[in-house]
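Chains A and B, in that order, give the protein sequences.
My numbering applies: residue 1325 is where the first sequence begins, and numbers increase by one.
My numbering applies: residue 1325 is where the second sequence begins, and numbers increase by one.
Ideal Cβ positions, reconstructed from N, Cα and C, are used throughout, including at glycine.
Notes to accompany the following structure.
2 protein chains.
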Amino acid sequence: MLKISDVSKRSGVASSALRFYEERGLISSERAGSGHRRYPRSVLRRVAFIVFAQRIGLSLEEISEELTKLPADRAPGRRDWSRLSSQWTTRIDERIAELERLKSGLTECIGCGCLSLDRCALSNPEDRVGRRGPGPRFWMGDR
Amino acid sequence: MLKISDVSKRSGVASSALRFYEERGLISSERAGSGHRRYPRSVLRRVAFIVFAQRIGLSLEEISEELTKLPADRAPGRRDWSRLSSQWTTRIDERIAELERLKSGLTECIGCGCLSLDRCALSNPEDRVGRRGPGPRFWMGDR
DNA sequence: CTACAAGTTCAAGTTAACTTGAAGTCAAGC
DNA sequence: GCTTGACTTCAAGTTAACTTGAACTTGTAG
């Protein structure tokens, strides 16, 4: 069993973040008699998964949902992990496609001088975010 | 000269956001006798540039810096705009490269079961964010 | 046994990019 | 002339993902 500082060091994720993840139900811990958290080794893989998913652009809430799909009765194996992440490929591809589109717009659209909001498809209002209530919009990696 | 509602409609950017941009110095306006904002047509291109840059992943502060490089004495032409954006290609390419890396990790790393924080280079703590003070970390599109 | 490091909880702070609300002014149609 | 809608300012709220601080308890090295 690992102490929170151990998990923090091995994962690179701050202790405060680990407590936060626990509060949000992404990971769980047992308690030593003292009340201190004790983690099983498997938590490292779970944290790795979280970090990985975040880099891909998923929010903690989405990650949380994904994680509930893991079997509760047995320890998850490679097959379980890989099934979870298989759908993400599409997402990554979409994002790459958008970036390619933006990139070509950089030379074609701005370069040619057509960068105008009404004529250029690259800065199309319809496709933009801004319709999900208040708060900052994360244009990049949004979804 | 355009009213704020005109600019908003044509750009898809909310009036409140336009005022916010002005407050941050990204755009400017003249005032009608009434105190109402009046924008020259050229603001549309400037706003388009801002929207475009955001999608690429630049923060408003970065965009602001870029915009100050525009000539203040004369109206900016295509050449000016394209010079500004030329450096971004590198950035886009880096981001695409990371996504490709993550994508292959999805099948190779998670798929093969090696997703562990200490052995797998994909969830490398060193390369992660989290070292820029408090506040949320935008893993994706960060930089 | 005594420091002092490490852990705990809970509330409040932080950042970005805006939005919302209050309170009031201006303009346009009938 | 009046109502309704657009505009203005300024302060405060919103979201995500944590961090920080206060106040306190445990664990451990010397």
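Asked, Found
"Does the distance from the CB of Ser1388/A to the CB of Leu1430/A come in under 8 Å?", "no"
"Go ahead and label Arg1370/A buried or exposed: buried means 16 or more other beta carbons lie within 10 angstroms of its beta carbon, across all protein chains shown.", "buried"
"Just checking: is the beta-carbon of Ile1387/A within a distance shorter than 8 Å of some beta-carbon in chain B?", "no"
"Does Ser1409/A get closer than 8 Å to chain B when you measure Cβ to Cβ?", "yes"
"Which residues, taken in chain order from the region 1412-1432 of chain A, show a beta carbon closer than 8 Å to some beta carbon of chain B?", "Trp1412, Thr1413, Ile1416, Asp1417, Arg1419, Ile1420, Glu1422, Leu1423, Glu1424, Leu1426, Lys1427, Gly1429, Leu1430, Thr1431"
"Could you give the distance in angstroms between the alpha-carbon of Asp1330/B and the alpha-carbon of Gly1359/B?", "16 Å"
"Against chain B, does Ile1380/A count as a neighbour if the rule is that its beta carbon must be under 8 Å from one of theirs?", "yes"
"In whole angstroms, what separates the C-alpha of Ile1380/A from that of Glu1390/A?", "14 Å"
"Near Arg1443/B, what residues of its chain come up, given a Cβ to Cβ distance below 6 Å and the 5 sequence neighbours on each side ignored?", "Residue confidence for Arg1443/B is low, a pLDDT of 49 falling below 50, so the modelled location carries little weight; the figure read from the coordinates is stated next. Nothing meets the Cβ criterion."
"Keeping to the same chain, check which residues put their C-beta closer than 7 Å to that of Ile1416/A; ignore five residues upstream and five downstream.", "Ile1380"
"How would you label Ser1475/B, buried or exposed, when you count the other beta carbons within 10 angstroms and need 16 or more for buried?", "Residue 1475/B is absent from the structure shown; chain B starts at 1325 and stops at 1467."
"So if DSSP puts Tyr1345/A in a beta bridge, which residue, or which two residues, is it bridged to?", "Tyr1345/A is not bridged to any residue."
"Can you tell me where the alpha helix (DSSP H) holding Arg1365/A begins and where it ends?", "Looking at the DSSP string, Arg1365/A is not in any alpha helix (DSSP H), and its letter there is neither H nor E."
"Going straight from the alpha carbon of Pro1504/A to that of Asp1404/B, what length do you get?", "Residue coverage of chain A in this structure runs from 1325 to 1467, which leaves residue 1504/A outside it and unanswerable."
"Between which two residues does the alpha helix (DSSP H) carrying Ala1421/B extend?", "1412-1429"
"Nearest-angstrom Cα distance between Ala1377/B and Leu1342/A?", "34 Å"
"State yes or no: is the C-beta of Arg1419/A within less than 8 Å of the C-beta of Leu1384/A?", "no"
"Based on Cα-Cα distance, which residue from Ser1406/A, Arg1425/A, Lys1427/A lies nearest to Ser1428/B?", "Ser1406/A"
"Per DSSP, Leu1326/B forms a beta bridge with which residues?", "Tyr1363/B"
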